[in-house]
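See below for the structure under consideration.
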Amino acid sequence: MHALRKPVDPHVLVAEVVSTKQVGHHLRRVTLGIKDIERLTLVGDDQWFRLFLPRPGQEALKLPTRTSNYGWYAQYLATPRSRRPLVRNYTIRASRPELREIDVDFVIHGHEGRDDDPMGPGATFAATAQPGDRVGILDQGAYFRPRPEHEWTLLVADESALPAVAGICESLPDDARGVAVVEVPTADDRQDFRVPAGVDLRWVERDRAAAADPALAEVPGRAALAVVREAELPHGTGYALVSGEQALAAGVRRHLVDDRGWSKAHVDFVGYWRHGKASPS
């Protein structure tokens, strides 16, 4: 099971779209303005939140008023489906509290209006968002919770967890050591962000990997898993956080524990999504 650093005094906050920007072929950044951003405890790392989106055709966004893990969800389920917001999970890519803004990166997959390859709610929102559009956010804390006795860090992710890896790398101390393996659809989806000199960032481009082995294109994360299995990793006690598609998260954890002899206590993993299975609405 993954560990979780709990949120500090969470509140359901209203955010408004300030701007949008394409930051990769499959990645779109939405900047959200939050008037009462001081009620959001910004901790860096892979801080994530519940994103509440209006359903198509809804005139007003009805947000839960309770904030505990079970309280908001019970209230959500008690609301008639037609009035409920859509809920998805996203990571804060960057924050500028002095401007009362946060950035959120969305993976754009599927095609709007196509039944055979539809866009999900998050991608649709990012692709169509206009300044002034309103959403709700509820802080959920961070998954990155390294053990104090570790000597180096391993991060493994697909494109859905790229914001998490970027946030963690930017929060690591200058003397941190480790390896980060990040799979993205194409070279155009790479991003520039601060990485400590002792952390080896290894990009895995899925289209290039698939040219050598077509099976690596079938499910995101397969190429990254293959790289980790063959990688020469640093000596000493490591701590790993693996995030992204469910099979990637579980596969890397299994490899580290079963094949490399890691303690389960030193591997946190979280499946953000599952290939071929849509999130409930």
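Letter by letter, the sequence shown follows residues 1 to 281 of full-length UniProt numbering. The beta-carbon is built from N, C-alpha and C at its ideal position, and this holds for glycine as well.
Report buried or exposed for Q130, applying the criterion of at least 16 other Cβ atoms within 10 angstroms of its Cβ.
On the sequence shown, residue 130 is found 130 positions in, with the first residue counted as 1. Q130 comes out exposed.
6 Å CB neighbourhood of T41 in its chain, flanking five on each side removed:
Position 41 of the sequence shown, counted from the start, is the residue given in the question as residue 41. Result list for T41: V8, in chain order.
Have a look at E159, V228, E232, G44 and flag the residue whose alpha-carbon is nearest the alpha-carbon of G24.
Counting from 1 along the sequence shown, the entry for residue 24 is found at position 24. Nearest Cα to G24 within the set E159, V228, E232, G44: E159.
Inter-residue Cα distance where the pair is E50 and L86:
If you number the sequence shown from 1, residue 50 lands on position 50. If you number the sequence shown from 1, residue 86 lands on position 86. Sequence inspection shows Arg at residue 50; the Glu mentioned does not correspond to that position. Distance between the alpha carbons of R50 and L86 is about 10 Å.
Whose C-beta lies closer than 6 Å to the C-beta of G71 among residues of the same chain, with five residues either side of it excluded?
The residue labelled residue 71 in the question sits at position 71 within the sequence shown. Correct list: empty, nothing qualifies.
On the CB-based measure, 16 or more other CB atoms within 10 Å of its CB, does L99 come out buried or exposed?
On the sequence shown, position 99 is the one that residue 99 refers to. Exposed, by the Cβ-count rule.
When the distance is taken between beta carbons, is S243 closer than 8 Å to D45?
Along the sequence shown, one-based indexing puts residue 45 at 45. Along the sequence shown, one-based indexing puts residue 243 at 243. Taking the C-beta atoms as reference points, S243 is found no nearer than 8 Å to D45.
Which ranges does the beta strand (DSSP E) cover as unbroken runs of at least 3 residues, wholly within the segment 244-270, from first to last along the chain?
Runs found: none.
Integer-rounded CB distance, given that A224 should sit under 8 Å from L248:
Translated into the one-based positions of the sequence shown, residue 248 becomes position 248. Translated into the one-based positions of the sequence shown, residue 224 becomes position 224. Contact holds; Cβ gap of about 6 Å.
Between Y90 and S68, what straight-line distance do the alpha-carbon atoms span, to the nearest angstrom?
Against the sequence shown, residue 90 aligns to sequence position 90. Against the sequence shown, residue 68 aligns to sequence position 68. Rounded to whole angstroms, Y90 to S68 spans 18 Å at the Cα level.
May I ask you to list the residues that DSSP assigns as paired with V87?
Sequence index remark: in the sequence shown, residue 87 carries index 87 (1-based). F52.
Would V181 pass as a contact of V219 if the rule is Cβ separation under 8 Å?
Here residue 181 refers to the residue found at position 181 of the sequence shown. Here residue 219 refers to the residue found at position 219 of the sequence shown. No, they are not a contact pair.
Tell me whether S82 is buried or exposed, calling it buried when 16 or more other Cβ atoms sit within 10 Å of its Cβ.
Mapped onto the sequence shown, residue 82 falls at position 82. S82 comes out exposed.
Comparing alpha-carbon positions, which option in P148, L233, E38, T128 lies nearest P56?
By 1-based counting over the sequence shown, the position of residue 56 is 56. Minimum Cα-Cα distance from P56 among the listed residues P148, L233, E38, T128 corresponds to T128.
Helix, strand or coil at Y70 [DSSP, three-state]:
Stepping through the sequence shown from its first residue, residue 70 is reached at position 70. Looking at Y70 - three-state DSSP - the assignment turns out to be coil, as it is neither helix nor strand.
Leaving out five residues before and five after H150 in sequence, what residues of the same chain have Cβ atoms less than 7 Å from its Cβ?
Start at 1 with the first residue of the sequence shown, and residue 150 comes out as number 150. So the qualifying residues of the chain are T237, G238, Y239, H266.
Where D115 sits in the DSSP three-state scheme:
Stepping through the sequence shown from its first residue, residue 115 is reached at position 115. Low confidence applies to D115: its pLDDT is 49, below 50, so where it sits in the model is not reliable enough to give any reading.
Give me the DSSP bridge partner(s) of S171.
In the sequence shown, the residue the question calls residue 171 occupies position 171. Per DSSP, none; premise fails for S171.
How do the segment 131-139 and the segment 10-27 stand: do at least 3 beta-carbon pairs fall below 8 Å, yes or no?
Enough Cβ pairs lie closer than 8 Å, so yes.
Shortest alpha-carbon distance to L256 belongs to which of G276, L233, R88?
Taking the sequence shown and counting its residues from 1, one reaches residue 256 at position 256. Comparing Cα-Cα distances from L256 to each of G276, L233, R88, the minimum goes to L233.
Proximal residues to D115 (C-beta, below 6 Å), its chain only, five neighbours per side dropped
Position 115 of the sequence shown holds residue 115. With a pLDDT of only 49 at D115, under the threshold of 50, the placement of this residue in the model should not be trusted; the figure read from the coordinates follows. For D115, where only same-chain residues beyond five positions count, there are no Cβ hits under 6 Å.
The beta strand (DSSP E) enclosing F144, as first and last residue numbers:
The residue labelled residue 144 in the question sits at position 144 within the sequence shown. First-last for F144: undefined, no H or E at that position.
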